[in-house]
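Asks:
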DNA sequence: TTGTAGGCGTTATCAA
DNA sequence: TTGATAACGCCTACAA
């Protein structure tokens, strides 16, 4: 592949001149500029990004660490990042992996080896200290879906407690009194926070939520099915189901239907996230919209900006709040 | 960030020695090796991937060009690639974009700038000539979901004609005679090939398929809804619907249900792809399994192998065939 | 307006 | 077993 030197030789100018026209630098004669451009064209010249990154110490790339490409939630996240990457003309370095300490660590490490100075990372397994440490090394280090006070200006996150409250409040407003929860069994903050919000709101309404009304399972459709099956097996009574996410809600719904209960006439059900699936299932899922695409774009913008030298305004914070999307899976409770 | 030189200085050895221990090179004294390793550890040394790529002319990364991260099909594709990338320890350079000439061109160009010598690309907008040209420049250039005879050993593709035949044959075996097609309006090979297969099989069975029974729309749920609406509006009669993909099938299904037709009792319906959605919708979708994850992994393996100098066995080909997945949306036609 | 030369962090080739 | 040293392709003062 042609190098800058080849161009220089053919065009009969020096390396420096070629470099200048490549970078639209000033102080180049029009005639020279044209001639060089022509040669570049002819030789099919492509700047070597590695060489460039080496000397400029800028990688023109955006690192992304997510847990899983298949999951619609992460796909949407990635999509939001991709949008700004394309707009800003940077290449995406993608490191997927599971939610495990070693995997997350390795993903970030690889990005670091590429000297990528902007990255948005979704980490649940690493502890605050480690993350703060990385943040101090990488100017454009931004966390998504997580909040660490010490580096609050680099966190783009969702208020899950508020989310839980919104869910509970809405069901309450529809007259529901008997709740069942279908939660995630993974020991990360999210399910815990959502649960906190729900319990807070329920407590305020004078409703108690026994542990036996909460099932923990994998946060996918199958998990939702299993959770409902267990609830049913234990004879738990409920008219409202609050799911950890849309996939679980969908699984819960079909399992309920398989047992002859009609949604929403007999039981109302709510999801969380508002991924595509929420619109696909029948009845359409009433859920909480998690503006993850918007947040991801924000995070990417932020990462690039910080990497570019922008200093965060003191005290800024990027907290988002989920919003209620009323569709078909929730109705007012029948009079007893 | 610490460089190899820093390590050398602190450890009191030369650059060359450090380089040797980094690359597990031979001819290094045990004592020296340990000392250097210790220093590397202390200084938190991370090799600079850019410098390394520059001098070795190898990028240790795998380029990926796909149209869209949000689409479950592409998400699955990306996931399949990711699996081998992680296993083989290479970084993924992801270039998403639309199915447009300029976008695809730019995506590949960017990858080329990074001197990435292995790439799996999903291109529908670029013509054969352009792609063959790229293939000649990049040793590890592999196409997925497309076949170009000239570079057949670099193509991992699905036999869509066979797919169409399988669909039609199955419906026929269930006694269906009145067909409607919900196809994609995009002018790419896939819908055309599937249609060809369907028509071939139908013709063999002596069944004609009038143009009025085929609707072209966007290949998503909404497109499926619109297609059915148009078919219904025209008063087309059918007991079997063959959709371009699962999303369209799902849309078709709900629209049909909204019009009071019961699936599959009144109308049977088939999807294509077998993405997650096929299991989520009600009734569960009978569809064709597109082994895209497996194919993507194969493509990634191939790209890396070719990039590593492996020469393709003459005459090899990587054609895959979709397989029937019977679920709930198809039943034998009612006796008239 | 153009050219020269040094250096970015590594690897690799020779010598020692 | 080690150490100089020359690339790799590009950018950027500093000179001319």
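Residue numbers (the numbering used here), protein chains in the order written: chain A, 1 to 336; chain B, 1 to 336.
Note that CB positions come from ideal geometry on N, CA and C, so glycine has one too.
Just so you know, these numbers come straight off a predicted model, no measurement behind them.
Apart from the five residues just before and just after residue 195/B, which ones in its own chain have a Cβ nearer than 8 Å to its Cβ?
Replies: Closer than 8 Å at Cβ, skipping near neighbours: 164, 181, 183 and 214.
Asks: Under 6 Å Cβ to Cβ from residue 292/A, same chain only, skipping five residues before and after it: list those, please.
Replies: If we look at residue 292/A and ignore the five residues flanking it on each side, its Cβ neighbours are 76 and 77.
Asks: Between residue 93/B and residue 256/B, what straight-line distance do the alpha-carbon atoms span, to the nearest angstrom?
Replies: Each residue's Cα considered, the two are about 42 Å apart.
Asks: Given this structure, state the Cα-to-Cα distance separating residue 162/B from residue 275/B, to the nearest angstrom.
Replies: Straight-line Cα distance between these residues: approximately 19 Å.
Asks: Between the stretch 75 to 94 of chain B and chain A, which residues of the former have CB atoms less than 8 Å from a CB of the latter, in chain order?
Replies: Hits within the stretch, in order: 75, 76, 78, 79, 82, 86, 91, 92, 93 and 94.
Asks: Are residue 138/A and residue 304/A touching if we call contact CB-CB under 8 Å?
Replies: Contact flag unset, no.
Asks: According to DSSP, what are the bridge partners of residue 65/A?
Replies: In DSSP, residue 65/A forms a bridge with 95/A and 121/A.
Asks: Which residues of chain A have a Cβ atom closer than 7 Å to the Cβ of residue 70/B, listed in chain order?
Replies: Within chain A, the residues near residue 70/B are 75, 76 and 79.
Asks: Using a Cβ cut-off of 9 Å, pull out every chain B residue sitting near residue 281/A, in sequence order please.
Replies: Residues of chain B passing the Cβ test: 280, 281 and 282.
Asks: With a threshold of 16 other CB atoms inside 10 Å of the CB of residue 221/A, please say whether the residue is buried or exposed.
Replies: Per the 10 Å Cβ criterion, buried.
Asks: Residue 151/B: which of 318/B, 18/B, 234/B and 325/B sits nearest, CA to CA?
Replies: The candidate whose alpha carbon is nearest that of residue 151/B is 318/B.
Asks: Would you say residue 11/B lies against chain A (beta-carbon separation less than 8 Å)?
Replies: Not an interface residue.
Asks: Using a Cβ cut-off of 7 Å, which residues of the stretch 258 to 276 of chain A contact any Cβ in chain B, in chain order?
Replies: Against chain B - using a Cβ distance shorter than 7 Å - the stretch 258 to 276 of chain A contributes no residues.
Asks: Does the CB of residue 30/B have a neighbour CB from chain A at under 8 Å?
Replies: No, no contact with chain A.
Asks: Please compile the residues from chain A whose C-beta is within a distance smaller than 8 Å of the C-beta of residue 48/B.
Replies: Simply 54, 113 and 115.
Asks: How about the stretch 217 to 237 of chain A and the stretch 249 to 265 of chain A: do they share at least three Cβ pairs that are nearer than 8 Å?
Replies: Yes, they touch.
Asks: So, is the C-beta of residue 221/A closer than 8 Å to a C-beta in chain B?
Replies: It does: the Cβ of residue 221/A has a partner Cβ on chain B nearer than 8 Å.
Asks: Could you tell me the boundaries of the alpha helix (DSSP H) in which residue 131/B lies?
Replies: Per DSSP, residue 131/B belongs to the alpha helix (DSSP H) from 128 to 137.
Asks: With C-beta atoms as the reference, is residue 54/A less than 8 Å away from residue 54/B?
Replies: Their beta carbons are under 8 Å apart, which means residue 54/A touches residue 54/B by this criterion.
Asks: Could you give the C-beta distance for residue 33/A and residue 18/A, rounded to a whole number, given that I count them as a contact under 8 Å?
Replies: Contact flag wrong, Cβ pair sits at about 10 Å.
Asks: Are the beta-carbon atoms of residue 302/A and residue 65/A separated by less than 8 Å?
Replies: Going by C-beta atoms, residue 302/A is not nearer than 8 Å to residue 65/A.
Asks: Quick one: is residue 205/B buried, meaning 16 or more other Cβ sit within 10 Å of its Cβ, or exposed?
Replies: That one is exposed.
Asks: Let me make sure I understand the geometry here. Which of 99/A, 61/A, 306/A and 56/A has the alpha-carbon closest to that of residue 69/A?
Replies: The option with the nearest alpha carbon to residue 69/A is 99/A.
Asks: Please go through the same chain and pick out, in chain order, the residues whose beta-carbon is closer than 6 Å to the beta-carbon of residue 11/B, but skip the five residues on each side of it.
Replies: Correct list, in chain order: 35, 36 and 39.
Asks: Is residue 42/A helix, strand or coil when you go by DSSP?
Replies: DSSP places residue 42/A in helix when its eight states are reduced to three.
Asks: Could you check what DSSP says for residue 238/A in three-state terms: helix, strand or coil?
Replies: Coil.
Asks: Tell me whether residue 134/A counts as near the ligand SAM, meaning its Cβ is closer than 7 Å to at least one heavy atom of that ligand.
Replies: Annotation note on the ligand SAM: not contained in the displayed structure, which lists no ligands.
Asks: Buried or exposed: where does residue 258/A fall if 16 or more other Cβ atoms within 10 Å of its Cβ makes it buried?
Replies: Exposed: under 16 other Cβ atoms inside 10 Å.
Asks: Could you pull out every unbroken alpha helix (DSSP H) segment of at least 4 residues lying fully inside the stretch 161 to 237 of chain A, listed in chain order?
Replies: Counting only runs of 4 or more, we get 189 to 204 and 221 to 233.
Asks: With 16 other CB atoms within 10 Å as the buried threshold, where does residue 270/B fall?
Replies: It counts as buried.
Asks: Using a Cβ-Cβ cut-off of less than 8 Å, list which residues of the stretch 245 to 257 of chain B approach chain A; keep chain order.
Replies: Listed by position along the chain: 250, 254 and 257.
Asks: Here's the rule I'm using: 16 or more other beta-carbon atoms within 10 Å means buried, otherwise exposed. How should residue 31/A be labelled?
Replies: By the 10 Å Cβ count, residue 31/A comes out exposed.
Asks: For residue 239/A and residue 145/A, I'd like the C-alpha separation in whole angstroms.
Replies: Approximately 31 Å between the Cα atoms of the pair.
Asks: Smallest Cα separation from residue 315/B: which of 155/B, 211/B and 297/B?
Replies: For residue 315/B, the nearest C-alpha among the options comes from 155/B.
Asks: Could you name the residues of chain A that residue 109/B contacts, counting a contact when the two beta carbons are closer than 8 Å?
Replies: Going along chain A in sequence order, the residues near residue 109/B (Cβ under 8 Å) are 46.
Asks: Name the chain B residues that come within less than 7 Å of residue 96/A, Cβ to Cβ?
Replies: Going along chain B in sequence order, the residues near residue 96/A (Cβ under 7 Å) are 82.
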